Amino acid sequence: MRWIAQPQRRGKRPGQSGQGAVEFALVGGLFFFLVFSIVNAGFFLYGRAAVQHAADVGVALLSTEGQCMTYTVGGLCIALASNCPNYDLGTTPPTADEVAVCAMDQQGFDGTPLVTVSSIAIWKVTEQSNGTFTTVTSGCSGPCEDEYGVNGNTILDNWPPSSRVVVGSPDFAELQVTFSYRLIATSGSLTMTTDNVFRMEPQQ
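First residue of the sequence shown: 548, per the working numbering; consecutive thereafter.
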């Protein structure tokens with residue numbers, strides 16, 4: 548008579564019960580890091596593209612509406628939309644800068660998830676022999692710069708549209724939008740700026 552040995556159930560070795568938890572702790576951290584990194588990168592690229600697009604729209608208006616103000620020969624700027632943060636209820640025609648801030652707001656650059664725009668600056672710049680641009684300081688009380696909050700409020704007014712040259716040898720200008728991106732799952736943030744250099748166009 549032959550005896551067939553029955554398979555025996557193997558018991559767990561000492562210390563084996565926590566092996567799965569340890570493996571998950573080692574691999575899970577890396578997994579969640581990769582997931583949040585991908586999500587952060589996606590939102591960041593989307594937000595940066597939205598701000599850059601809004602800046603491009605602002606540049607187009609600043610270059611063509613460059614000198615228009617209520618009290619200059621530049622004429623009146625285009626009207627602001629009633630839902631712009633700097634809408635003046637039609638009592639005072641807007642300046643070129645106000646038109647640009649309104650247009651950028653209409654593009655939703657401050658409504659992008661995790662992105663906050665802090666300031667909008669317009670600099671007068673001059674081209675150097677090496678092709679770079681530097682800020683002009685002569686003829687202004689300090690750097691020739693105008694700065695606005697995201698709601699259109701004036702922070703600095705050293706280079707009003709009325710003083711910009713738009714005929715003959717038009718001024719060069721730089722639009723700089725400063726914004727921050729709040730990282731997901733951390734308390735950190737990234738602060739960046741867009742830089743668009745352009746030339747004023749002759750006014751009608």
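We treat Cβ as the ideally placed atom computed from N, Cα and C, and that holds for glycine. Note that the coordinates shown come from a computational prediction; the quantities given were computed from them, not determined experimentally.
- Task: Write down every uninterrupted run of the alpha helix (DSSP H) in the segment 591–678 whose length is 4 residues or greater and which is fully enclosed by it, in chain order.
- Result: 643–653
- Which of helix, strand or coil does DSSP assign to A568? helix
- Buried or exposed: where does A732 fall if 16 or more other Cβ atoms within 10 Å of its Cβ makes it buried? exposed
- What is the residue span of the beta strand (DSSP E) that R746 lies within? 736–746
- Task: Have a look at D693 and N587 and give me their C-alpha separation to the nearest angstrom.
- Result: 32 Å
- Message: Tell me the DSSP secondary structure of S727 in three-state form.
- Response: strand
- Message: Considering only the alpha carbon of each residue, which of N630, D718, A568 lies closest to R746?
- Response: D718
- Where A597 and T738 are concerned, what is the direct C-alpha to C-alpha distance, given to the nearest angstrom? 15 Å
- Query: Per the contact definition of three or more C-beta pairs closer than 8 Å, is the segment 676–686 in contact with the segment 650–657?
  - Reply: no
- Are the segment 706–716 and the segment 575–583 touching, with three or more C-beta to C-beta distances below 8 Å? no
- Below 6 Å CB to CB, which residues in the same chain sit around Y618 once its five sequence neighbours on both sides are set aside? Bear in mind that a pLDDT of 45 at Y618, under 50, signals an unreliable position, so the number given afterwards is only what the model happens to contain. Excluding sequence neighbours, Y618 sits near nothing in its chain.
- Task: Enumerate in chain order the residues of its own chain whose CB-to-CB distance from N705 is below 8 Å, with the five nearest sequence positions on each side excluded.
- Result: C687, S688, G689, P690, C691, E692, D693
- Which residue from V683, S666, R711 puts its Cα closest to that of Y695? S666
- Which one or two residues does DSSP pair with F680 in a beta bridge? E674
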